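In my numbering, the protein residues as written are -12 to 203.
Remarks on the structure that follows.
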Amino acid sequence: MKRSWVSRTDIIEEVDTLKDNSETKKVLVILGSPRRNGNSAALAARISRGAESAGADVETIFLHNLDVSPCKGCDTCKEPGSTGCAINDDMQKTYLKLIRSDAWVIASPVYWFTMSAQTKIFMDRCYGLTAYSKNPFAGKRIAIAMSYGDADAVRSGCVNAIRTFQDAYRYTGSKLVGMVYGSAEGAGEIENNEALMREAEALGKRLVGRRSDASR
Ligand SMILES: Cc1cc2nc3c(=O)[nH]c(=O)nc-3n(C[C@H](O)[C@H](O)[C@H](O)COP(=O)(O)O)c2cc1C
């Protein structure tokens, strides 16, 4: 019986159909804060601006408005011939977007000394990506944007999230191109930090560039 959600076969067929010879890089921005106009989103928007100025197509998704349940560890996605993740929610269409993009921007606030729950649930569900594409992480270029209330990146717990992203993307063979992070409390307040915003824009340009940059 055919599942009602997008299956691995559908996605692979769609990826093939959409393949073109375009040199245009596709960037997918994943917003992990419940505040659509918050600080991490502002950093991500500036990364997007940099990526667009370098010729990329940018699409942004707002996790908080999506129906994305936590991974239930059933390992259906790892079964031989798996047709995909067993959970029928908005992550199904997100898998397609993740596979089709050349680069990802992951933006999150620091919540309780690490990334937000929305971001962590998204990270866990990426476990299922291998059911839709043979090597979904390899060569994927990744930028991270984070904001926190404390004045200090270590005391805020931002370092814990940074460490997680570093370990995760080293493990998956992705390319962590760079990270921008800074302190701000009120939504959008981070835009006053012009030096950081310029850093974000430069990261966006590097994200789609050919130059190989070490993550910081
Ligand atoms: C539930 C919650 C937990 C938070 N935990 C931390 C924390 O552990 N460390 C910190 O420095 N700031 C913490 N903050 C402050 C946010 O990280 C800060 O306001 C950030 O700029 C919000 O980013 P956003 O606008 O993208 O949501 C917390 C805020 C909330 C609402």
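Beta carbons are placed, not taken as given, at the ideal position from N, Cα and C, and that holds for glycine.
Since we're looking at a predicted model, the values are computed, not measured.
Which term fits residue i, buried or exposed, when burial requires 16 or more other beta carbons within 10 angstroms of its beta carbon?
i	result
residue 8	With a pLDDT of only 48 at residue 8, under the threshold of 50, the placement of this residue in the model should not be trusted, and no figure is reported.
residue 40	exposed
residue 194	buried
residue 210	Beyond the ends of the chain as shown, which are -12 and 203, falls residue 210; an answer cannot be given.
residue 141	exposed
residue 158	exposed
residue 125	exposed
residue 145	buried
residue 127	buried
residue 138	exposed
residue 160	exposed
residue 65	exposed
residue 11	exposed
residue 113	buried
residue 121	exposed
residue 59	exposed
Between residue i and chain D, is there a C-beta pair that is closer than 7 angstroms?
i	result
residue 90	In summary, chain D is missing from the structure at hand, where a single protein chain is found.
| said: I need the residues with a C-beta less than 6 angstroms from some heavy atom of ligand 1; please give them in chain order. | reply: With 6 angstroms as the limit, the residues whose C-beta approaches any heavy atom of ligand 1 more closely are 20, 22, 25, 26, 27, 28, 96, 97, 98, 99, 100, 134, 135, 136, 137, 143, 144, 171, 172, 174, in sequence along the chain.
| query | How about the region 188 to 197 and the region 29 to 41: do they share at least three Cβ pairs that are nearer than 8 angstroms? | reply | yes
| Would you call the region 171 to 178 and the region 48 to 62 touching, i.e. three or more CB-CB distances under 8 angstroms? | Contact between the region 171 to 178 and the region 48 to 62 is absent: fewer than three C-beta pairs spanning the two stretches fall below 8 angstroms.
| query | Would the region 143 to 158 and the region 180 to 187 be scored as touching if the rule is three or more Cβ pairs under 8 angstroms? | reply | no
| query | Three or more C-beta pairs closer than 8 angstroms, one from the region 14 to 29 and one from the region 66 to 75: is that the case here? | reply | no
| query | At which residue ranges does the region 74 to 140 contain complete alpha helix (DSSP H) runs of 4 or more residues, listed in the order of the chain? | reply | 78 to 87, 104 to 112
| Can you list the alpha helix (DSSP H) stretches of 4 or more residues lying completely in the region 15 to 70, in chain order? | 26 to 40
| field | beta strand (DSSP E) runs wholly inside the region 144 to 173, at least 3 long, in chain order | value | 162 to 170
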